[in-house]
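J.: These protein sequences, in sequence, are chains A and B. Every number in the numbering used here is 161 more than the matching position in the first sequence, counting from 1. Every number in the numbering used here is 161 more than the matching position in the second sequence, counting from 1. Glycine included, each C-beta is placed from N, C-alpha and C at the ideal position. No experiment lies behind these values; they were computed from the predicted model shown.
There are 2 protein chains.
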Amino acid sequence: MKRALVTGATGFIGRHAQAALRERGYDVVGVGSADADLLQPAGARELVDRVQPTHLLHLAWYAEPGLFWTSQENVRWLEASFRLLHAFQGERAVVAGTSAEYDWSAPSPLVEGVTPDRPANLYGAAKLSLSQVAGHIEDAPWSFASGRVFFVYGPHEDPRRLVPQVARKLLAGERAAVSEGTQVRDFMHAADAAGALCALLDSGDVTGPVNIASGEPVPVRDVVGIVAEEAGAPERVDYGALPTRPGDPQELVPSVARLRDEVGFQPRYGLRDGLRDAVEFWRGEPLSPA
Amino acid sequence: MKRALVTGATGFIGRHAQAALRERGYDVVGVGSADADLLQPAGARELVDRVQPTHLLHLAWYAEPGLFWTSQENVRWLEASFRLLHAFQGERAVVAGTSAEYDWSAPSPLVEGVTPDRPANLYGAAKLSLSQVAGHIEDAPWSFASGRVFFVYGPHEDPRRLVPQVARKLLAGERAAVSEGTQVRDFMHAADAAGALCALLDSGDVTGPVNIASGEPVPVRDVVGIVAEEAGAPERVDYGALPTRPGDPQELVPSVARLRDEVGFQPRYGLRDGLRDAVEFWRGEPLSPA
Numbered sequence: 162m163k164r165a166l167v168t169g170a171t172g173f174i175g176r177h178a179q180a181a182l183r184e185r186g187y188d189v190v191g192v193g194s195a196d197a198d199l200l201q202p203a204g205a206r207e208l209v210d211r212v213q214p215t216h217l218l219h220l221a222w223y224a225e226p227g228l229f230w231t232s233q234e235n236v237r238w239l240e241a242s243f244r245l246l247h248a249f250q251g252e253r254a255v256v257a258g259t260s261a262e263y264d265w266s267a268p269s270p271l272v273e274g275v276t277p278d279r280p281a282n283l284y285g286a287a288k289l290s291l292s293q294v295a296g297h298i299e300d301a302p303w304s305f306a307s308g309r310v311f312f313v314y315g316p317h318e319d320p321r322r323l324v325p326q327v328a329r330k331l332l333a334g335e336r337a338a339v340s341e342g343t344q345v346r347d348f349m350h351a352a353d354a355a356g357a358l359c360a361l362l363d364s365g366d367v368t369g370p371v372n373i374a375s376g377e378p379v380p381v382r383d384v385v386g387i388v389a390e391e392a393g394a395p396e397r398v399d400y401g402a403l404p405t406r407p408g409d410p411q412e413l414v415p416s417v418a419r420l421r422d423e424v425g426f427q428p429r430y431g432l433r434d435g436l437r438d439a440v441e442f443w444r445g446e447p448l449s450p451a
Numbered sequence: 162m163k164r165a166l167v168t169g170a171t172g173f174i175g176r177h178a179q180a181a182l183r184e185r186g187y188d189v190v191g192v193g194s195a196d197a198d199l200l201q202p203a204g205a206r207e208l209v210d211r212v213q214p215t216h217l218l219h220l221a222w223y224a225e226p227g228l229f230w231t232s233q234e235n236v237r238w239l240e241a242s243f244r245l246l247h248a249f250q251g252e253r254a255v256v257a258g259t260s261a262e263y264d265w266s267a268p269s270p271l272v273e274g275v276t277p278d279r280p281a282n283l284y285g286a287a288k289l290s291l292s293q294v295a296g297h298i299e300d301a302p303w304s305f306a307s308g309r310v311f312f313v314y315g316p317h318e319d320p321r322r323l324v325p326q327v328a329r330k331l332l333a334g335e336r337a338a339v340s341e342g343t344q345v346r347d348f349m350h351a352a353d354a355a356g357a358l359c360a361l362l363d364s365g366d367v368t369g370p371v372n373i374a375s376g377e378p379v380p381v382r383d384v385v386g387i388v389a390e391e392a393g394a395p396e397r398v399d400y401g402a403l404p405t406r407p408g409d410p411q412e413l414v415p416s417v418a419r420l421r422d423e424v425g426f427q428p429r430y431g432l433r434d435g436l437r438d439a440v441e442f443w444r445g446e447p448l449s450p451a
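(1) Closer than 7 Å by C-beta to B/Leu-246: which residues in its own chain qualify, once you throw out the five before and the five after it? Chain order, please.
(2) Kindly indicate the opening and closing residues of the alpha helix (DSSP H) around B/Ser-516.
(3) Compute the Euclidean distance between the alpha carbons of B/Ser-292 and B/Ala-306, then round it to the nearest angstrom.
(4) Starting from B/His-297, find everything on chain A with Cβ-Cβ shorter than 9 Å and list it in chain order.
(5) Helix, strand or coil, according to DSSP, for A/Phe-229 in the structure here?
(6) My understanding is that A/Gln-213 touches A/Arg-164, with C-beta atoms under 8 Å, so please give their C-beta distance in whole angstroms.
(7) DSSP three-state label for B/Asn-235, please.
(8) With three or more C-beta pairs closer than 8 Å as the rule, is the region 166-180 of chain A touching the region 218-230 of chain A?
(9) Can you find at least 3 beta carbon pairs, one from the region 191-207 of chain B and one from the region 280-287 of chain B, that sit closer than 8 Å?
(10) DSSP puts B/Gly-191 in a beta bridge; with which residues?
(11) Mark A/Arg-433 as exposed unless 16 or more other C-beta atoms lie within 10 angstroms of its C-beta, in which case mark it buried.
(12) B/Gln-293 CB to nearest chain A CB: under 8 Å?
(13) B/Leu-218 lies in the beta strand (DSSP E); which residues open and close that run?
(14) Is there at least one Cβ from chain B nearer than 8 Å to A/Asp-363's Cβ?
(15) Looking only at DSSP bridge pairs, what is A/Met-349 linked to?
(16) Are there 16 or more other CB atoms within 10 angstroms of the CB of B/Glu-184, so buried, or fewer, so exposed?
(17) Measuring CB atoms only, is the region 419-429 of chain A touching the region 315-324 of chain B, in the sense that at least three cross pairs come out at less than 8 Å?
(18) I need the straight-line Cα distance from B/Thr-168 to A/Phe-249, nearest angstrom please.
(19) If we count Cβ pairs, one from each stretch, closer than 8 Å, do we get three or more for the region 321-338 of chain B versus the region 438-447 of chain B?
(20) Looking at the C-beta of A/Phe-243, does it have a partner C-beta in chain B at a distance below 8 Å?
(21) Assign B/Asp-366 to one of three DSSP states: helix, strand, or coil.
(22) Contact between the region 366-374 of chain B and the region 332-345 of chain B: three or more CB pairs below 8 Å?
(23) Taking the alpha carbon of B/Pro-302 as the point to measure from, which residue in B/Thr-215, B/Thr-231, B/Val-272 has its own alpha carbon closest?
(24) Among residues of its own chain, excluding the 5 on either side of A/Gly-204, which ones have a beta-carbon nearer than 8 Å to its beta-carbon?
(25) Any beta carbon from chain B within less than 8 Å of A/Ala-451's own beta carbon?
(26) Below 6 Å CB to CB, which residues in the same chain sit around B/Gly-397 once its five sequence neighbours on both sides are set aside?
(27) Going by C-alpha to C-alpha distance, which of A/Glu-299, A/Gln-233, A/Glu-262 sits closest to B/Gln-233?
(28) Run through the DSSP bridge pairs and tell me what A/Asn-282 is partnered with.
(29) CB-CB under 7 Å to B/Ala-451, same chain, minus the five flanking residues each way: which ones, in chain order?
(30) In or out: A/Ala-394 buried (at least 16 other Cβ within 10 Å) or exposed?
(31) In chain A, which residues lie with their C-beta within 8 Å of the C-beta of B/His-247?
(32) Would you say B/Pro-370 lies against chain A (beta-carbon separation less than 8 Å)?
(33) Using the three-state DSSP reduction, which class does B/Pro-277 fall into: helix, strand or coil?
(34) Rounded to whole angstroms, what's the CA-CA distance from A/Ile-452 to A/Lys-288? Just pull it up for me.
(35) For A/Leu-403, list the residues DSSP reports as bridge partners.
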């Protein structure tokens, strides 16, 4: 019997992971911060002893928008992650990495093992450390991979981020101010991101970093345009009303060759279907200040 | 008053650090593994509370020859190092890094911040993690630098390594088998490596990785030749009797521009003087199986 332990199982991506793993025939134990305090020295050991997993999908991390890039909580989560991997004696471990592990000034597409790693902040540095260190442990019983997550949207996304902000403004009858949005990015629905991570967990011979992305890069303004159409208010978006973030690369597009060809994963959502799902979620949410 | 805490103070490099720091006017507290168990969860905090250092030179690590490249002890020391930095509230922290943080297939000279980092083993990955993570902590009270140590020799070197092995064979009247030794490396006396790390500690405005090396690269056979001359037995070396290690880069030479120009450090030992000092040390040591 394959038994998967999923940390961060109540999070934005993690909430979709349990269903995806059950589809693949796993017995699944998902834990959130209320179930296990991984930041406590003995937390990881107790959890692993209790669950006895054969597979570990480690998604839990500090994720407070606006703070997570630089907070020293990243170091605490890195230490906690090492303790978790140390305690885990199963056959396969996958962690959530980030596009921020790459050198963002490198030309796209960003290719695993080819594009240089050069994180620009503590979040990227800590995630890269986890991936590099775990990937070099030769005498572990498990094989290891890191899913480098790019831009993810979907239900339950933090309302301070782009898609919820635009959707909620428009659904509330207001105007939405955005930048010109010419930057090209890869957006993926959270359920697909979870599906890809679970497929990676289920691919025990795939090791190292694997980009988690849709393979459908678009200018950010196209994302905003679809959100606006789905919200029924394409005329209420003010493109160029906000400045482009300085230093933001024009193009930040991952290769999805490893995910597609080695893991064999295909997303279920196209961009329009996925954004429609997100907008419908926000339509159903009670309004609060965005 | 500047008070430096030196971990690993009884080690191969660390044993020279206390004198170097006192020369620079520091009050110094050096600790070895007998004085403080940094691997215990509370070890770092207790040590820092006791010493109250303004400066931290963190040299302690797992260093068992033949094992340290791949041992999971590297992860334990990485965790311990994070705890130490977390506890430390002084103004300046320097850790010992390693040449193994670099991509060894990159062309020499290896330049800090320019040559890609790509560790090939767990030791390099763990040291790189420490340097990257600590270097990205923006809200720490200290400035941070990592001294990337290259090839170091001197008294008390582990007898299984090149210089002691050749010296002890020849001093014992035996022949010494070595490779062709055409690979070019940078060798530095342990007292100079310590001096350079202490100079870096004393340079609070220099941050990030700094190569710790002599700036005097030579073919390895020249090192062997000088050792043999100083041992009085140049005719008893068999060059080419051992194979060159497969995958060993022909040239692995660091830039010392940062160390020389930004830190302002100059080595005291030339290669011959330094190797003479090492050979004299081994001459005085009672013989045991090499």
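T.: By the coordinates alone:
(1) Your numbering for residue 246 of chain B matches position 85 in the second sequence. Hits under 7 Å: Ala-254, Ala-295.
(2) The question about residue 516 of chain B has no answer here: the residues shown for chain B are numbered 162 through 451.
(3) Numbered from its first residue, the second sequence carries residue 292 of chain B at position 131. Numbered from its first residue, the second sequence carries residue 306 of chain B at position 145. The C-alpha of B/Ser-292 lies about 8 Å from the C-alpha of B/Ala-306.
(4) Along the second sequence, read from residue 1 onward, the residue named residue 297 of chain B stands at position 136. Going along chain A in sequence order, the residues near B/His-297 (Cβ under 9 Å) are Thr-231, Asn-235, Pro-280, Ala-281, Asn-282, Leu-283, Tyr-284, Gly-285, Ala-286, Ala-287.
(5) Here residue 229 of chain A corresponds to residue number 68 of the first sequence, with the count starting at 1. Of the three classes helix, strand and coil, the one that applies to A/Phe-229 here is coil, per DSSP.
(6) For the purposes of this step, residue 213 of chain A is identified with residue 52 of the first sequence, where counting begins at 1. For the purposes of this step, residue 164 of chain A is identified with residue 3 of the first sequence, where counting begins at 1. Contact between A/Gln-213 and A/Arg-164 is confirmed by a C-beta separation of about 7 Å, below the 8 Å threshold.
(7) Walking along the second sequence from the start, residue 235 of chain B turns up at place 74. If DSSP states are grouped into helix, strand and coil, B/Asn-235 belongs with the helices.
(8) Segments in contact, yes.
(9) No, because fewer than three Cβ pairs between the region 191-207 of chain B and the region 280-287 of chain B fall closer than 8 Å, the two stretches do not touch.
(10) Along the second sequence, one-based indexing puts residue 191 of chain B at 30. In the DSSP assignment, B/Gly-191 is bridged to B/Val-167.
(11) Here residue 433 of chain A refers to the residue found at position 272 when the first sequence is read from its first residue. Exposed: under 16 other Cβ atoms inside 10 Å.
(12) Mapped onto the second sequence, residue 293 of chain B falls at position 132. Yes, B/Gln-293 counts as interfacial toward chain A.
(13) As a position in the second sequence, residue 218 of chain B is number 57, starting the count at 1. For B/Leu-218, the enclosing beta strand (DSSP E) begins and ends at 216-219.
(14) Taking the first residue of the first sequence as 1, we reach residue 363 of chain A at position 202. For A/Asp-363, the answer is no, since every Cβ of chain B falls outside 8 Å of its Cβ.
(15) The count along the first sequence starts at 1 and reaches residue 349 of chain A at position 188. In DSSP, A/Met-349 forms a bridge with A/Val-313.
(16) Here the question's residue 184 of chain B lines up with position 23 in the second sequence. Exposed, by the Cβ-count rule.
(17) Verdict: no, contact absent.
(18) Within the second sequence, the letter at position 7 stands for residue 168 of chain B. Within the first sequence, the letter at position 88 stands for residue 249 of chain A. Distance between the alpha carbons of B/Thr-168 and A/Phe-249 is about 31 Å.
(19) Output reads yes: the region 438-447 of chain B touches the region 321-338 of chain B.
(20) One-based indexing of the first sequence puts residue 243 of chain A at position 82. Closer than 8 Å to some Cβ of chain B, the Cβ of A/Phe-243 qualifies, so yes.
(21) Taking the second sequence and counting its residues from 1, the one referred to as residue 366 of chain B is at position 205. B/Asp-366 falls in the coil class under three-state DSSP.
(22) As far as the Cβ criterion goes, the region 366-374 of chain B does not touch the region 332-345 of chain B, which means the pair count is below three.
(23) On the second sequence, position 141 is the one that residue 302 of chain B refers to. If you compare the alpha carbons of B/Thr-215, B/Thr-231, B/Val-272 with that of B/Pro-302, the shortest gap goes to B/Thr-215.
(24) Taking the first sequence and counting its residues from 1, one reaches residue 204 of chain A at position 43. So the qualifying residues of the chain are Ala-197, Asp-198, Ala-241, Arg-244.
(25) Against the first sequence, residue 451 of chain A aligns to sequence position 290. Interpretation of A/Ala-451 is limited by its pLDDT of 45, a score under 50 that renders its predicted location unreliable; no figure is taken from the coordinates.
(26) Taking the second sequence and counting its residues from 1, the one referred to as residue 397 of chain B is at position 236. Rather than Gly, the amino acid found at residue 397 of chain B in this sequence is Arg. Taking C-beta separations shorter than 6 Å and ignoring five residues to either side along the sequence, the partners of B/Arg-397 in its chain run Leu-331, Arg-336, following chain order.
(27) As a position in the second sequence, residue 233 of chain B is number 72, starting the count at 1. The residue with the shortest Cα to Cα distance from B/Gln-233 is A/Glu-299.
(28) In the first sequence, the residue the question calls residue 282 of chain A occupies position 121. None, per the DSSP bridge assignment.
(29) Here residue 451 of chain B refers to the residue found at position 290 when the second sequence is read from its first residue. With a pLDDT of 44 at B/Ala-451, under the threshold of 50, the modelled position of that residue is not reliable, and no figure is offered here.
(30) Mapped onto the first sequence, residue 394 of chain A falls at position 233. Buried, since its Cβ has 16 or more Cβ neighbours within 10 Å.
(31) Translated into positions along the second sequence, residue 247 of chain B becomes position 86. Correct list: Gln-233, Val-236.
(32) As a working mapping, residue 370 of chain B is identified with position 209 in the second sequence. No - not a single Cβ of chain A is within 8 Å of the one on B/Pro-370.
(33) On the second sequence, residue 277 of chain B is found 116 positions in, with the first residue counted as 1. Look at B/Pro-277 here: in three-state DSSP terms it is coil, with no helix or strand label.
(34) Because chain A here runs from 162 to 451, residue 452 of chain A falls outside it and cannot be looked at.
(35) Along the first sequence, read from residue 1 onward, the residue named residue 403 of chain A stands at position 242. According to DSSP, A/Leu-403 bridges with nothing at all.
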